[in-house]
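Visitor: To convert, take the position in the sequence shown, counting from 1, and add 1; that gives the working numbering.
Ideal Cβ placement from N, Cα and C applies to all residues, glycine included.
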Amino acid sequence: MRRIFLVAVPVILLLGAVTWTVLALGGPYNVPWSTVDGGGGESAGGSYALKGTAGQPEAGSKLVGGSYGLTGGFGPGVAGGPPPSAAKAVASLRTAVDVWLPENDSAAGVAIGIPQVVDASTGLPLPNVLLGAYAASLTYPPDPPLPPDFIAVLGCRLKPPFETGACNTSGDPNGIVILSGLAPQGAPWPVDPLAFVPLRLLGCVQNVGTVTLTFSQVVDVNGDPLDPGPPVVRTFRRGDAKPDGVVAISDVLYIRQYLVGLRPLGDGPGQVNAVNAASVKQDGAFDKITTADVLYLAQLLVGMRDGCFSLLPAAEPPER
Ligand SMILES: [Ca+2]
Ligand SMILES: [Ca+2]
């Protein structure tokens, strides 16, 4: 079979994908970053084939006129794409108890936040950056199928000033909550929380459940992208109120001390992990931290409940 290959290197506007970046060297001029999409690849029909390429010859070349310059390049992921953002949004995923409206009920879960915006290179805070919008996902071990570490998401609520947005908890079988929010006037950081997601641990004390927060996009109030930073991963263990990896009498003590105001919630040293504590005994629509959690843990430790907090049959009295 005879095949004719036409290499169309110069035909940039028809087949190429070219990115132009302006080096604004002065004056109020701007050409926004953009692409002309087409791309290379092969088209075939009958005994003919056409191979196209992108506009390599122009990439990296620079046109200069007076005090202005224009540099050609490629799309994202290839050298010559948009310059990396100088600002990085630091993400947080912390455990918390929130009042759930309009039910006016409390719930234990995770608070999603951006507590800080820093220079991506130096790590120093950038106090003048105003946040404009974000998109994120929260992934967790789902049901079904039913792994021993699965976690239930019980809802989602966006918080001011990012109430305008979306919070999709429609039972994704892959265990994903999709979040997005918009603050048209801009919001100074810290914004913590952006949203609150009540969680319930349905595993047993020997299982660890993992929740991962990933910001796919964060922009400032001008629409300029910020480096969204790496994913934030949190692990949970039902009953591990003092989060040290084991369920013990100290966890009973931690919850009791929280209930009488002697110990705070939080993720730091000496603080009570709200999700681990509240999930011991599950409580209707949302899990709360109550004396029932103390009781269930104590019963587990004396052998009255199994590792999943189900009551065990009472032991037979010894024969005489
Ligand atoms: Ca513990
Ligand atoms: Ca509870």
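According to DSSP, is Ser181 helix, strand or coil?
Guide: Correct three-state label for Ser181: strand.
Visitor: When we look at the beta-carbon of Tyr259 and count the other beta-carbons within 10 Å, is it buried (16 or more) or exposed?
Guide: Flag for Tyr259 reads buried.
Visitor: Tell me where the alpha helix (DSSP H) around Leu302 begins and ends.
Guide: Per DSSP, Leu302 belongs to the alpha helix (DSSP H) from Thr292 to Leu302.
Visitor: Does at least one heavy atom of ligand 2 sit under 7 Å from the Cβ of Ala279?
Guide: Indeed, a heavy atom of ligand 2 lies less than 7 Å from the Cβ.
Visitor: Cα-Cα, which of Pro191, Pro174 and Glu104 is closest to Leu127?
Guide: Closest by alpha carbon: Pro191.
Visitor: Find out if the Cβ-Cβ distance for the pair Ala112, Phe216 is shorter than 8 Å.
Guide: Cβ distance not < 8 Å, so Ala112 and Phe216 don't count as in contact.
Visitor: Confirm, please, whether the CB-CB distance from Leu313 to Ala88 is below 8 Å.
Guide: No, these two residues do not count as a Cβ contact at 8 Å.
Visitor: Quick one: is the Cβ of Ile152 within less than 7 Å of any heavy atom of ligand 2?
Guide: No.
Visitor: If Tyr141 and Leu195 are in contact, beta carbons under 8 Å, what's the gap, nearest whole angstrom?
Guide: Actually they do not touch by this definition, with Cβ atoms about 17 Å apart.
Visitor: Go ahead and label Asn277 buried or exposed: buried means 16 or more other beta carbons lie within 10 angstroms of its beta carbon, across all protein chains shown.
Guide: Buried is the call here.
Visitor: How many angstroms separate the CA atom of Asp94 from the CA atom of Leu214?
Guide: The question names Asp, but residue 94 in the sequence shown is Leu. Looking at the two C-alpha atoms, the distance is approximately 7 Å.
Visitor: I'd like the list of long-range same chain contacts for Gln218, defined as Cβ closer than 6 Å, with 5 residues on each side in sequence excluded.
Guide: Excluding residues within five positions, the ones whose Cβ falls inside 6 Å are Ala136.
Visitor: For the region 229-247 against the region 267-285, are there 3 or more C-beta pairs whose distance is under 8 Å?
Guide: Flag = yes, the region 229-247 and the region 267-285 touch.
Visitor: Contact between the region 108-125 and the region 284-294 is defined here as three or more beta-carbon pairs at a separation below 8 Å; is this criterion met?
Guide: As far as the Cβ criterion goes, the region 108-125 touches the region 284-294, which means the pair count is three or higher.
Visitor: So, at 8 Å on beta carbons, what are the nonlocal neighbours of Leu125 in its own chain, with the 5 sequence-adjacent residues on each side left out?
Guide: Excluding residues within five positions, the ones whose Cβ falls inside 8 Å are Val119.
Visitor: Which same chain residues end up closer than 8 Å to Asn129 when comparing Cβ atoms and leaving out the 5 residues on each side of it in sequence?
Guide: Nothing meets the Cβ criterion.
Visitor: Looking only at its chain, what residues have a beta carbon closer than 6 Å to the beta carbon of Ala315, apart from the 5 residues adjacent to it on each side?
Guide: If we look at Ala315 and ignore the five residues flanking it on each side, it has no Cβ neighbours.
Visitor: Using the beta-carbon of each residue, find all residues closer than 6 Å to any heavy atom of ligand 1 and list them in chain order.
Guide: Qualifying residues, in the order they occur: Asp241, Lys243, Asp245, Val247, Val248, Ala249, Ser251 and Asp252.
Visitor: Could you check which residue in Gln272, Val100 and Cys309 has the C-alpha nearest to that of Gln207?
Guide: Of Gln272, Val100 and Cys309, the residue nearest in Cα terms is Cys309.
Visitor: Where Val295 and Met305 are concerned, what is the direct C-alpha to C-alpha distance, given to the nearest angstrom?
Guide: If you take the alpha carbons of Val295 and Met305, they lie about 14 Å apart.
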